[in-house]
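Trainee: Below is a structure I'd like to ask you about.
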Amino acid sequence: MSVGSGQRPATRGTARRRPTPAPGSVLRGRAMVTGGTSGIGLSFAHALAARGCDLVLVARDTARLEKTAEQLRWRYGVEVETLRADLADRADVDTVAARLVDEDRPVEILVNNAGRGLHVSLLDADTAVHESALDLMVRAVMVLGSAAGRAMRGRKHGVIINVSSVAGLIPMGLYSAIKSWVRTYSESLALELSGSGVRVNTLLPGWVRTEFHARAGIRAGSVPGALWLEADAVVARCLADVERGRLRSVPSKRFTVLAFLAEHGPRPAVRRVTGLLKKGRR
Numbered sequence: 001m002s003v004g005s006g007q008r009p010a011t012r013g014t015a016r017r018r019p020t021p022a023p024g025s026v027l028r029g030r031a032m033v034t035g036g037t038s039g040i041g042l043s044f045a046h047a048l049a050a051r052g053c054d055l056v057l058v059a060r061d062t063a064r065l066e067k068t069a070e071q072l073r074w075r076y077g078v079e080v081e082t083l084r085a086d087l088a089d090r091a092d093v094d095t096v097a098a099r100l101v102d103e104d105r106p107v108e109i110l111v112n113n114a115g116r117g118l119h120v121s122l123l124d125a126d127t128a129v130h131e132s133a134l135d136l137m138v139r140a141v142m143v144l145g146s147a148a149g150r151a152m153r154g155r156k157h158g159v160i161i162n163v164s165s166v167a168g169l170i171p172m173g174l175y176s177a178i179k180s181w182v183r184t185y186s187e188s189l190a191l192e193l194s195g196s197g198v199r200v201n202t203l204l205p206g207w208v209r210t211e212f213h214a215r216a217g218i219r220a221g222s223v224p225g226a227l228w229l230e231a232d233a234v235v236a237r238c239l240a241d242v243e244r245g246r247l248r249s250v251p252s253k254r255f256t257v258l259a260f261l262a263e264h265g266p267r268p269a270v271r272r273v274t275g276l277l278k279k280g281r282r
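Under the UniProt record's numbering, think of the first position of the sequence shown as 1, with each following residue one higher.
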């Protein structure tokens, strides 16, 4: 676990002036983004920095962390702290949780985004990958969400965004089961924090153009082009929904419709469609 300095690079001239937060915005202060160096997490980092938020980036790759932090400091003039952590490792999760409750450097926004794709059978005898995924996308989400919720409740303001997936609405193996848990956990956390001044939002993206799906074994060509979303647009919609006080964000009208059908459609039909989607995997 390592902590970056937060100083801006001094070798490239003058960095841009820090953006001014919008009046009345709940998205202000310091934001922690897990998995903040790629994909949706990186888009969150840029979007929040563009709003004037200082950042705490959490990821496994030290070199990528420092490069991303330097770029964000330079582009937006904000402070960026780095935490190298493997959130499948319980000791690292506890260290990140301790950072969330540090009142000398309060974190006002948590984006619980870190995750990984899965292409495993529920019947595998070796469950090491399954258990690691549960540590990363269930235990870490719970521990960090709890730590952030306690700290923010004490200050009577804050935002927690938990990244789930529309995959959590359909039966597509362990990943879907995990993301279904994230959705239910997030809604339960929102209920427990109701009236505290802390907002909780659950983001349910669909297919987003990042390296994530290739790692999960999904062929890009197997998914209709109209179903692909851009990470920046997904994040913009989510942050707009947070400002409106919405508990759930499903980017794009087409995925809103698909999510409704997945939740309320006949289960045999949902299972049939899910079977067709599985053919898109290698």
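Each residue gets a CB set at the ideal place from its N, CA and C atoms; glycine is no exception.
Helix or strand or just coil, what does DSSP make of SER222?
Mentor: Along the sequence shown, read from residue 1 onward, the residue named residue 222 stands at position 222. Confidence at SER222 is low in this model, with a pLDDT of 49, below 50, so its placement is unreliable and the value that follows should be read with caution. Note: SER222 maps to helix in three-state DSSP.
Trainee: What does DSSP give as the partner residue(s) for GLY149 in the beta ladder?
Mentor: In the sequence shown, the residue the question calls residue 149 occupies position 149. In DSSP, GLY149 forms no bridge with anything.
Trainee: With 8 Å as the threshold, decide whether the Cβ of VAL200 is near any Cβ in chain D.
Mentor: Checking the listed chains, one finds no chain D in this structure; it contains a single protein chain.
Trainee: Which residue marks the beginning of the beta strand (DSSP E) containing ALA31, and which one marks its end?
Mentor: Along the sequence shown, read from residue 1 onward, the residue named residue 31 stands at position 31. Segment 30-34, the beta strand (DSSP E) holding ALA31.
Trainee: Would you list the residues sitting across from ARG18 in a DSSP beta bridge?
Mentor: Looking up residue 18 in the sequence shown gives position 18. In DSSP, ARG18 forms no bridge with anything.
Trainee: Comparing alpha-carbon positions, which option in SER176, THR202 and ALA177 lies nearest SER188?
Mentor: Translated into positions along the sequence shown, residue 188 becomes position 188. The shortest C-alpha separation from SER188 is found at THR202.
Trainee: Using 10 angstroms around the beta-carbon of SER249, count the other beta-carbons present and answer buried if the total reaches 16, otherwise exposed.
Mentor: As a working note, residue 249 is residue 249 in the sequence shown. Buried: at least 16 other Cβ atoms inside 10 Å.
Trainee: Given LEU122, which residues of its chain have a CB within under 7 Å of its CB, disregarding the five upstream and five downstream residues?
Mentor: As a working mapping, residue 122 is identified with position 122 in the sequence shown. Same-chain partners within the cutoff: GLY173 and LEU174.
Trainee: Less than 8 Å between the beta carbons of ALA88 and LEU27, yes or no?
Mentor: Taking the first residue of the sequence shown as position 1, residue 88 is located at position 88. Taking the first residue of the sequence shown as position 1, residue 27 is located at position 27. Contact: no.
Trainee: Using only CA atoms, which one of ASP104, GLY149 and TRP181 lies nearest to GLU192?
Mentor: Taking the sequence shown and counting its residues from 1, one reaches residue 192 at position 192. Nearest of ASP104, GLY149 and TRP181 to GLU192, Cα basis: GLY149.
Trainee: Whole angstroms is fine: what's the gap from MET32's alpha carbon to LEU169's?
Mentor: For this step, residue 32 is matched to residue 32 along the sequence shown. For this step, residue 169 is matched to residue 169 along the sequence shown. Rounded to whole angstroms, MET32 to LEU169 spans 27 Å at the Cα level.
Trainee: Below 8 Å between beta carbons: does that hold for ALA63 and THR82?
Mentor: On the sequence shown, position 63 is the one that residue 63 refers to. On the sequence shown, position 82 is the one that residue 82 refers to. Contact: no.
Trainee: For ALA85, name the three-state secondary structure that DSSP assigns.
Mentor: Translated into positions along the sequence shown, residue 85 becomes position 85. Reduced to three states, the DSSP call for ALA85 is coil.
Trainee: DSSP beta-bridge partners for THR202?
Mentor: For this step, residue 202 is matched to residue 202 along the sequence shown. ASN162 and ARG248.
Trainee: Among VAL93, LEU118, ARG153 and GLU79, which has the Cα closest to the Cα of GLU103?
Mentor: Position 103 of the sequence shown, counted from the first residue, corresponds to residue 103. Out of VAL93, LEU118, ARG153 and GLU79, ARG153 has the C-alpha closest to the C-alpha of GLU103.
Trainee: Can you tell me where the beta strand (DSSP E) holding LEU57 begins and where it ends?
Mentor: Here residue 57 corresponds to residue number 57 of the sequence shown, with the count starting at 1. Per DSSP, LEU57 belongs to the beta strand (DSSP E) from 54-59.
Trainee: By the DSSP assignment, the beta strand (DSSP E) with VAL111 in it spans what residues?
Mentor: As a first step, residue 111 must be located in the sequence shown, where it is residue number 111. Residues 109-112.
Trainee: Return the chain-ordered list of same chain residues with a C-beta closer than 6 Å to the C-beta of GLY41, the five sequence neighbours on each side being excluded.
Mentor: Position 41 of the sequence shown, counted from the first residue, corresponds to residue 41. Here the set comprises VAL33, GLY35 and ASN113.
Trainee: Could you check how far apart the C-beta atoms of LEU57 and LEU65 are, in whole angstroms? I think they sit under 8 Å.
Mentor: The sequence position of residue 57 within the sequence shown is 57, counting from 1. The sequence position of residue 65 within the sequence shown is 65, counting from 1. Confirmed, about 6 Å.
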